[in-house]
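Take a look at the structure below.
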Amino acid sequence: MRRRLSSILLMVALVWAFPATGCSGKSAGPPVSPPDACKQSDGPTADTVRQSIASVPVVVPGSSWVEIARGHTRNCRLYWVQIIPTIADQSTPQQLLFFDRNTALGSPTPNAKPYIRVLPPGQGTVTVEYQWRVGSDPECCPTGSGAVRFQIGPDGRLKALGPIPHQ
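Put into structure tokens, the structure is as follows:
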């Protein structure tokens, strides 16, 4: 009995002292993102964003566009701003606006689209997931999905690295 208790206590102590680390000896926790090295001056000014938003045609009568999210690539060059009408529901079309630092690059799609999600950034690319309703999908739960990466091309314009889904 004493030997069994000693074995159990030893196992508990080992588990506590050496948490699950896998074969590499490193923690099995989620990867840590590097700290954001971009400065506010690297991105578009408030005036540049305001002018870009004002240039987007309103899709919902009686509303205006409002920013709901923004981000940038890890190299601090390609910035994006996501906008949505002030009168909106789950399936209201949204728009993404891109910037090369403080230069407006416009939107990758001529028309606003619902169900847009920007995924974690790459070094010089932004990945956008587009979703759409298929058949009798309810508004909350579109099942169509596709993603495309965007970067700044050699000509300084926004470049899609693949077809934009569901055009």
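Quick note, the sequence shown lines up with residues -22 to -1, 1 to 145 if you use mature numbering (1 follows the signal peptide of the UniProt record, and there is no 0). Backbone N, C-alpha and C define an ideal beta-carbon position, used for all residues, glycine too. All values reported here derive from a predicted model rather than from experimental measurement.
- Remark: C-beta atoms of L97 and S85 do not approach each other more closely than 8 Å.
- Judged by DSSP in its simplified three-state form, R48 adopts strand.
- Counting C-beta pairs with one atom in each stretch, the segment 41 to 49 and the segment 113 to 125 have fewer than three that are closer than 8 Å, which means they do not touch.
- If you look at R127, you'll find it isn't in any alpha helix (DSSP H); it sits in the beta strand (DSSP E) that goes 122 to 130.
- By the 16-neighbour rule on beta-carbons within 10 angstroms, G21 is buried.
- In the structure shown, R79 adopts coil according to DSSP, grouped into three states.
- By alpha-carbon distance to A125, the top candidate from R95, D67, S19 is R95.
- A distance below 8 Å separates the beta carbons of Q129 and G102.
- Boundaries of the alpha helix (DSSP H) harbouring I31: 24 to 32, taken from the DSSP string.
- Membership of A90 in any beta strand (DSSP E) is not indicated, and neither H nor E is assigned to it by DSSP.
- Residues of the same chain with a CB within less than 7 Å of the CB of Q72, apart from the 5 flanking positions on each side, are Q60, I61, I62, A90, K91, P92, I94 in chain order.
- Contact between R135 and L83 holds, since their C-beta atoms are separated by about 7 Å, short of 8 Å.
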